[in-house]
Structures are given as C-alpha cells and as structure tokens.
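Note sheet for the following structure.
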Amino acid sequence: MTSIDVTNLTKRYGATRAVDGLTFAVHPGRVTGFLGPNGAGKSTTMRLILGLDRPTSGTATIGGRAYAAIDEPLRHVGALLDAGAAQASRTARDHLRILAAAGRIGPRRIDEVLEQSGIASAANRRIRTFSLGMRQRLGIAAALLGDPAVLMLDEPSNGLDPEGIIWIRELMRQLAAEGRAVLVSSHLMGETASFADHLVVLGRGRLLADTGMRDFIDTWTTPRVRLRTTDDERLRNVLTGKGFTPVAGEDGTWTVEGARVTDIGPLAAHAGIPILELAGEEATLEQAYLALTADRTEFAATRPAAQEVRP
Ligand SMILES: Nc1ncnc2c1ncn2[C@@H]1O[C@H](COP(=O)(O)OP(=O)(O)OP(=O)(O)O)[C@@H](O)[C@H]1O
C-alpha cells in the first residue's frame, strides 16, 4: 500500500513562501480532497511531490521514495496537472502511445484507458479538436495509463459537463475503493464533498486542516433544526427554558441553532407539544470551509461570502 508523505515541505519563490513547513500524508484507500484559496500552494505541493520543482527544504515521498528515485514512475504515480499540456497536433491515441512507450507500458493499456475515460470514439482525432472536457478526460486517461497505486489530480472536474462530473466522481470513488491513494484538488466544495473521505486544507502555504470530511464539517459548523407546531407559545417557552433560542420564520416554522432533532424531538414529546414538522439541516462542506477561512482572517479578506456562514 503506497502513501504520499509530505514532511516539513517548504518552497520559496523569491520572497513568496508558496509552501511553508507543510506536513501531511495521503493514505491509500481513500480520496483526499486538497482545498485552499487561490495561491494557497496546492499546485506547488503537487509539483514538488512529482519532482517537477525542487523544495527549498523538507521532503515529499511516494511509498517512501522521492519521485526521481522511483523506477518506472508512471506505473506507481499518475498525475493530472495541466490538461492543456498535450501536444495539440497529435491524436489522443498517439499522445497515449508516446507516454506508454516512455513509461514502458504495454499498448494494450491504451485502449483500456481510452475506454475508461469515455473518449475511445475520439481516439484518432487530433487533440486540437478536443473540447476542454475531452482534454480533461485525455489527461485522466494518461494518469491511469500505468495502473498506478497513487493518483494526483489537479481540478479534474474542470471543463466537464454534468455527466462528466458524475463520471469523475464515480471514478475517484472506485480508484480509492481499489486501495489507491487519491489526492484531488478542487475549488468546487459540493463536488469535493461528493467524493472525498478526507481533507487537507492549505492557506498561504500552511496546513489549516488535515481531517475526515465529517469531522471537518462538524467542527466548523453548528447544527440547526427547523420545526413547526400548532402551539408556538409553548414550544418557545419550553425551548427557551432549555437554553435554546428558537427563531420564528415568516412561513410559520421555527429555526433552532445549535440543536439536533435528537435534542428537540424528545423535549417536545415530553411537554406534549404537537409537532407537524421536524428536520435537521445538514451543514455543507462549503459552509465549513468558509467558516474556517473566516476564522483565519488572513484568508477571509477576499471572501465576502464568508458573512453568509452560520455562526
Ligand atoms: N514558478 C513560480 N514562480 C513564482 N511564484 C510562484 C511560482 N509558482 C507558484 N508561485 C506562487 O506560489 C503561490 C502558490 O501558488 P500555487 O499555484 O501553488 O497555488 P494554488 O493553491 O495551486 O492556487 P490555485 O488554486 O489558484 O491553483 C502563489 O503565490 C503563486 O503566485
């Protein structure tokens, strides 16, 4: 089982610390979402892991080895960093053929990954005729070519249509279920929530969070319950008496911050208050992420949406 291990990794570009003392691991068998505002250092970290840039200090290893020390690296690590990098005058098949030959990968894999990426019917077309989504699929096909145990994908949903977004989500879940280590950067919180088990969040090159998805959401959001009753007065009195602050909505419902249905249901039952509706409101990854970045004020400056986050 192969992991990615980043240890005290720092990369300076002149006065900019793109990556600053970063330590985290990407474990096999799960999808790790890699989040952070623009310029947080996600792409730089991926480039350092792939040996495309040299760290100022610290290490990044895959299965305990630096990328440059791995024999036949395409068989161990697949990466999608810049889907625009493929030479536009080549066909998709030729592009993959050249990569396969360089990585000493048998040509049989080419058809498999073309099929798996949904571009088999366009295999003999020149890449210059490809849409952004097709280029993205070709980049993913290239990443899968060596059947690697580790995958690193930078914004893989970029340019994909709704069907493509569902495809990439299912593909990542499948790759993790097969026991691979999958690191995926994204700015799309709804998307990330749909495929990631674990999160690594960066801000200005530093680690802000390294935690399970559920824990992250629970830590950075407050639960909330919405309910409706025929006896508003008693409901308000009972809940206020228990330290809650129910807020009446215009549509006749009440909202209670900091409460779960398991808090409110038994209280109402015990007091004999008729309940017409009782629902917990699921907090989202986006709310949690914005709360985290709002809490660290240096990351909130460019994020007015943070004001919409529940306290
Ligand atoms: N080759 C380079 N030379 C100088 N500065 C660089 C270089 N590459 C990255 N940087 C700087 O390093 C910081 C981190 O950039 P990076 O692209 O890693 O962030 P990111 O989290 O991937 O951002 P985004 O979400 O916008 O892709 C930024 O301030 C960026 O300007």
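Residue 818 is where the sequence shown starts when you use this note's numbering, and the numbers rise one by one after that. Even glycine gets a Cβ: it sits at the ideal position worked out from N, Cα and C. Computed from a predicted structure; not experimentally measured.
Using a Cβ-based criterion (distance less than 6 Å to any ligand heavy atom), does residue i qualify as near ligand 1?
i	result
T861	yes
Y830	yes
A857	yes
G956	no
A835	yes
G853	yes
Determine the direct distance from the alpha carbon of residue j to that of residue i, and round the result to whole angstroms.
i	j	result
V1055	A1085	8 Å
A1108	A939	43 Å
T908	R942	5 Å
F1033	A918	43 Å
P1091	A1111	39 Å
L931	P1083	55 Å
R882	R1045	59 Å
T1070	L1095	9 Å
L1005	A960	21 Å
R847	T824	20 Å
R986	A993	11 Å
L1052	G853	42 Å
T1028	H1015	6 Å
M863	F851	10 Å
H1087	L949	58 Å
H893	I944	26 Å
V1126	H912	Only weak support exists for where V1126 lies, its pLDDT of 43 falling under 50; the value from the coordinates is given anyway. So the two alpha carbons sit approximately 45 Å from each other.
M818	E1008	26 Å
A842	Q904	33 Å
A902	D1068	53 Å
Which residue or residues does DSSP assign as beta-bridge partners of residue i?
i	result
L1132	Because the chain here runs from 818 to 1128, residue 1132 falls outside it and cannot be looked at.
W1037	The partner list for W1037 (beta bridge, DSSP) is empty, contrary to what the question assumes.
W1071	L1044, A1065
D1080	Its beta-bridge partners do not exist; DSSP assigns none.
V1018	L852, A1026
E1098	R1041
T833	Y830
R882	I879
I866	Answer by DSSP bridge pairing: none, since I866 is not bridged.
Three or more C-beta pairs below 8 Å linking the region 1041-1049 and the region 1076-1094:
The region 1041-1049, when compared against the region 1076-1094, does touch it at the 8 Å Cβ threshold.
Do three or more CB pairs link the region 966-978 to the region 988-999 at distances below 8 Å?
Segments in contact, yes.
Could you tell me whether the region 857-875 touches the region 1009-1019, using the rule of 3 or more Cβ pairs below 8 Å?
Counting Cβ pairs under 8 Å, three or more are found: they touch.
Does the count of Cβ pairs from the region 981-996 and the region 948-958 closer than 8 Å reach three?
Output reads yes: the region 948-958 touches the region 981-996.
If we require 4 or more residues per run, which alpha helix (DSSP H) segments fall completely within the region 939-1016?
Complete alpha helix (DSSP H) runs here, min 4: 949-961, 979-994, 1006-1012.
Counting only runs of 3+ residues fully inside the region 888-918, write out the beta strand (DSSP E) ranges in chain order.
For the region 888-918, whole beta strand (DSSP E) runs of length 3 or above, ordered along the chain, are 894-897.
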